[in-house]
Every structure is written in C-alpha cells, then in structure tokens.
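Asks: Here you go, one structure.
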Amino acid sequence: MTEHADPAQPCTRVAGDALSPADPTPGMSRQVALHTETMWSGTVDTEPGAVSGWHHHGDHDTTLYVVSGRMRLESGPGGEVVVEAGPGDFLRVPAGAVHRESNPGDGTSRAVIVRCGTGTPTVNVDSPAPSREA
Numbered sequence: 083m084t085e086h087a088d089p090a091q092p093c094t095r096v097a098g099d100a101l102s103p104a105d106p107t108p109g110m111s112r113q114v115a116l117h118t119e120t121m122w123s124g125t126v127d128t129e130p131g132a133v134s135g136w137h138h139h140g141d142h143d144t145t146l147y148v149v150s151g152r153m154r155l156e157s158g159p160g161g162e163v164v165v166e167a168g169p170g171d172f173l174r175v176p177a178g179a180v181h182r183e184s185n186p187g188d189g190t191s192r193a194v195i196v197r198c199g200t201g202t203p204t205v206n207v208d209s210p211a212p213s214r215e216a
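The opening position of the sequence shown corresponds to residue 83 in our numbering, with each subsequent residue numbered one higher.
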C-alpha cells in the first residue's frame, strides 16, 4: 500500500461557482478547481470556431472529459494528427505533447480537465512540433 502523508485527511468539495481563471491560452477560457503539487483540475470553455494557440502541459499528463460541444485537437509532427471528440468522450494529451484545440461546432464546448504531474501546467509555444521530414 502506498504511504500517504495523512490517511485521516478529509475529502473536500469545490463549488462550481468557486472556480477561478487560470492558465491563459489564446482562444480558450480555463477555470481552475484544484491545484496541488502533483495535480491540476478544472474546466475549459471554447467558443464556436475558436482555435487556441499552440501549447503543451510540461510534465503533466492530461485527461479531458467533454461535457458539451465539440473539441478538435491537432498534435504530432507539424500538427498533422487530428482527433475530434464530443459529449461523453475522453481525450488524452501526453506530457510535453505540443497541441492546439479548436471548437468546430456551433455551440460553446466545455470539458473537465485533470492533469497529473509537476511544474507549470501550461506552456504556450509558437508552433507545433517539427515535421519529421524537416
């Protein structure tokens, strides 16, 4: 069994209206619920037609659960790998994976995000990962 700092520590609740703005990336609105030394959780809203800037999440592995709307992720060499998701779908963004998100749908998309790792949770960059042919 993994040893924990305090096995008697209580569970906590963060009310939906208690989230605060976090980790700005152009084209997206993130709200943080909890941020500990090894975990970040919150939401992201993306307006229809919006495309985020290129970014990665450092040493954080990221899982998104799409609550509403559509999400498109571009990643991989040259940003050529495209994955789309809708309500009820999960998306995984590996630690360090440069990507950008967009909303190809007609309404605002919303996803719940959980990141596990340490360090800065969002790092904005100028472009996708280089193409392997470059």
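We put the CB at the ideal spot given by N, CA and C, even for glycine.
(1) Quick one: grab the DSSP three-state call for D99.
(2) Determine the direct distance from the alpha carbon of G160 to that of D105, and round the result to whole angstroms.
(3) Cα separation between L155 and R197?
(4) Using the Cα positions of S123 and S213, report the straight-line distance between them to the nearest angstrom.
(5) For a test of the three-state rule: what should DSSP assign to G189, helix, strand or coil?
(6) Going by CA-CA distance only, name the one from T190, M153, V96, G187 that's closest to V175.
(7) If we require 3 or more residues per run, which beta strand (DSSP E) segments fall completely within the stretch 134–180?
(8) Where does T118 sit, in a helix, a strand or coil, going by DSSP?
(9) Pairs of beta-carbons, one from the stretch 168–185 and one from the stretch 132–151, closer than 8 Å: are there three or more?
(10) So what's E197 in DSSP terms, helix, strand or just coil?
(11) Does the Cβ of V164 have 16 or more other Cβ atoms within 10 Å, making it buried, or fewer, making it exposed?
(12) Secondary structure at D105, three-state DSSP: helix, strand or coil?
Replies: In short:
(1) Taking the sequence shown and counting its residues from 1, one reaches residue 99 at position 17. DSSP places D99 in helix when its eight states are reduced to three.
(2) Along the sequence shown, one-based indexing puts residue 105 at 23. Along the sequence shown, one-based indexing puts residue 160 at 78. If I take the Cα positions, the gap works out to 24 Å.
(3) Walking along the sequence shown from the start, residue 155 turns up at place 73. Walking along the sequence shown from the start, residue 197 turns up at place 115. When rounded, the distance between both Cα atoms is 16 Å.
(4) Counted from its first residue, the sequence shown places residue 123 at position 41. Counted from its first residue, the sequence shown places residue 213 at position 131. Going by the C-alpha atoms only, they are around 31 Å apart.
(5) For the purposes of this step, residue 189 is taken as residue 107 along the sequence shown, with counting starting at 1. Correct three-state label for G189: coil.
(6) As a first step, residue 175 must be located in the sequence shown, where it is residue number 93. The alpha carbon of V175 has as its nearest neighbour, out of T190, M153, V96, G187, the alpha carbon of M153.
(7) With a minimum length of 3 residues, the continuous beta strand (DSSP E) runs that stay inside the stretch 134–180 are 143–150, 153–157, 163–167, 172–175.
(8) Position 36 of the sequence shown, counted from the start, is the residue given in the question as residue 118. Note: T118 maps to coil in three-state DSSP.
(9) They touch, by the three-pair rule.
(10) As a working note, residue 197 is residue 115 in the sequence shown. Rather than Glu, the amino acid found at residue 197 in this sequence is Arg. The answer is strand: DSSP assigns R197 an E or B state.
(11) Start at 1 with the first residue of the sequence shown, and residue 164 comes out as number 82. With fewer than 16 other Cβ atoms from the protein chains shown falling within 10 Å of its own Cβ, V164 counts as exposed.
(12) Numbered from 1 along the sequence shown, position 23 holds the residue referred to as residue 105. When secondary structure is reduced to three states using DSSP, D105 falls in the coil class, being assigned neither helix nor strand.
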